[in-house]
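The numbering used here puts the first residue of the sequence shown at 301, with every later residue one more than the last.
Idealized CB from N, CA, C, for every residue including glycine.
Note that this is a predicted model, so its numbers are computed, not measured.
Only one structure is covered here, and it is reproduced in the block below.
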Amino acid sequence: MKRFKGGPIKGQKQERGPLPFRYVLLISSVLFALLSLQGLWFVDQQLRPIISQIAHREMERIATYTIQQALTDELGQTDMNDMLITETNGDGQITYVTLDTQKYNKLLGNVQHRVHEAINAIQRNEDNTYGASEGTVATIPLGRALNNSLLNDVGPGIPLRFALIGDAKVGMKDESEQLGINNTRLSFYVTIEVGMDVILPFSETADTVSVELPAGFAFISGEVPQFYGGQLPIVNYPALEANTDQQPEEENDSQ
């Protein structure tokens with residue numbers, strides 16, 4: 301019986317074995333890279349605005365607390381009565397109030413210097429007495445950007461830094477309030493504006509922090525007028541005494 305040797309019959313499929321390990325590793329690496337890029341794109345496009353808002357709020361909280369503490373410490377050492385210059389009339393009543401320019405400029409300079417020191421201490425990551433013990437770096441959990449209370453503290457931390465832009469703008473404003481009749485209360489406030497640079501790993505934006513704190517009050521008491529509010533003055537006339545001496549004469553005449 302003859303045996304025929306030859307190749308496989310045409311049309312019959314050959315079974316292939318599994319892919320080599322190097323191909324599996326290559327395909328897995330490519331898929332992982334694509335998924336990672338897609339994830340980064342999602343974070344950049346969807347979560348970036350939310351994270352920026354959170355970063356600005358965190359920066360404003362730390363900076364406001366720092367500035368308030370600096371202002372409180374400086375104003376606690378200042379007596380506003382020593383800064384006021386008053387003029388009085390002959391009766392000893394205050395007619396004019398102004399601020400001592402030299403002491404005024406000294407106060408604003410001290411406030412500006414103290415605020416700069418406090419913020420620079422945070423930028424140098426130094427422990428200071430103004431509350432931000434971790435310095436400029438504040439960690440924002442990525443889960444907080446998802447707006448889910450269960451995921452607020454979940455995920456990798458995003459470092460936040462901020463830097464002082466230029467000099468702090470320090471000023472003082474006053475407000476007057478009428479109290480009663482011819483009485484005035486003057487209120488003095490120290491205002492400060494600080495330009496801050498909010499630095500995130502993927503962005504850097506500028507923001508302004510404004511703080512206002514009361515510095516002191518002054519009460520000016522004026523003379524109470526004889527009439528107030530458009531009313532006529534009250535005039536006290538002397539009392540008339542009845543003349544009883546003429547009464548008998550009138551009676552006699554009538555008789």
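Check your understanding: From Phe488, Asp467, Ala468 and Ala506, pick the residue whose C-alpha is nearest to that of Glu477; which is it?
Key -> As a position in the sequence shown, residue 477 is number 177, starting the count at 1. Looking at the Cα atoms, Phe488 is the closest of the given residues.
Review point. Just reading off the alpha helix (DSSP H) that Val411 is part of, what are its end residues?
Key: Reading the sequence shown from its first residue, position 111 is the one you call residue 411. Start and end: Thr401 to Gln423.
Exercise for review: Specify the secondary structure class of Asn483 as computed by DSSP and reduced to three states.
Suggested key: Start at 1 with the first residue of the sequence shown, and residue 483 comes out as number 183. Of the three classes helix, strand and coil, the one that applies to Asn483 here is strand, per DSSP.
Review point. Just to confirm, are Val511 and Thr491 a CB contact at a threshold of 9 Å?
Key: Sequence index remark: in the sequence shown, residue 511 carries index 211 (1-based). Sequence index remark: in the sequence shown, residue 491 carries index 191 (1-based). Yes, Cβ-Cβ distance for Val511 and Thr491 is below 9 Å.
Check your understanding: Should Met472 and Leu371 be called a contact, given that it needs their Cβ atoms to be closer than 9 Å?
Key -> For this step, residue 472 is matched to residue 172 along the sequence shown. For this step, residue 371 is matched to residue 71 along the sequence shown. Contact: no.
Point to revise | Terminal residues of the beta strand (DSSP E) in which Phe517 lies | key: Working through the sequence shown from its first residue, we reach residue 517 at position 217. Its beta strand (DSSP E) spans residues Ser503 to Ser521.
Review point. For the putative contact between Thr439 and Ile458, defined by C-beta atoms under 8 Å, what is the C-beta separation to the nearest angstrom?
Key: To locate residue 439, count along the sequence shown from 1; it is residue 139. To locate residue 458, count along the sequence shown from 1; it is residue 158. That pair is a contact at about 7 Å.
Review point. Does DSSP put Pro456 in a helix, a strand or coil?
Key: Counted from its first residue, the sequence shown places residue 456 at position 156. Pro456: coil per DSSP, three-state reduction.
Review point. Exposed or buried, what is Pro318 when buried is set at 16 or more other beta-carbons lying within 10 Å of its beta-carbon?
Key: Here residue 318 refers to the residue found at position 18 when the sequence shown is read from its first residue. By the 10 Å Cβ count, Pro318 comes out exposed.
Review point. How far does the alpha helix (DSSP H) with Leu334 in it reach, from first residue to last?
Key: Residue 334 sits at position 34 when you count from the first residue of the sequence shown. Per DSSP, Leu334 belongs to the alpha helix (DSSP H) from Phe321 to Phe342.
Practice item. Within 10 angstroms of the Cβ of Leu532, are there 16 or more other Cβ atoms? Answer buried if so, exposed if not. Key: Reading the sequence shown from its first residue, position 232 is the one you call residue 532. Low confidence applies to Leu532: its pLDDT is 46, below 50, so where it sits in the model is not reliable, and the reading given next is rough at best. With fewer than 16 other Cβ atoms within 10 Å, it is exposed.
Point to revise | Exposed unless 16 or more other CB atoms sit within 10 angstroms - verdict on Val498 | key: Here residue 498 refers to the residue found at position 198 of the sequence shown. Flag for Val498 reads buried.
**Study point:** Span of the alpha helix (DSSP H), counted from its first residue to its last, around Leu384
**Key:** The sequence position of residue 384 within the sequence shown is 84, counting from 1. Here Leu384 belongs to no alpha helix (DSSP H); instead the beta strand (DSSP E) covers Leu384 to Thr388.
Check your understanding: Can you find a heavy atom of the ligand COA that lies under 8 Å from the Cβ of Asn405?
Key -> Among the components of this structure there are no ligands whatsoever, and the ligand COA is therefore not found.
Check your understanding: Since Asp373 is in the alpha helix (DSSP H), which residue starts that stretch and which ends it?
Key -> Locating residue 373 in the sequence shown gives position 73, counting from the first residue. Note, Asp373: alpha helix (DSSP H), Arg348 to Leu375.
Point to revise | With 16 other Cβ atoms within 10 Å as the buried cut-off, status of Ile422 | key: In the sequence shown, counting from the first residue as 1, residue 422 sits at position 122. Under this definition Ile422 is a buried residue.
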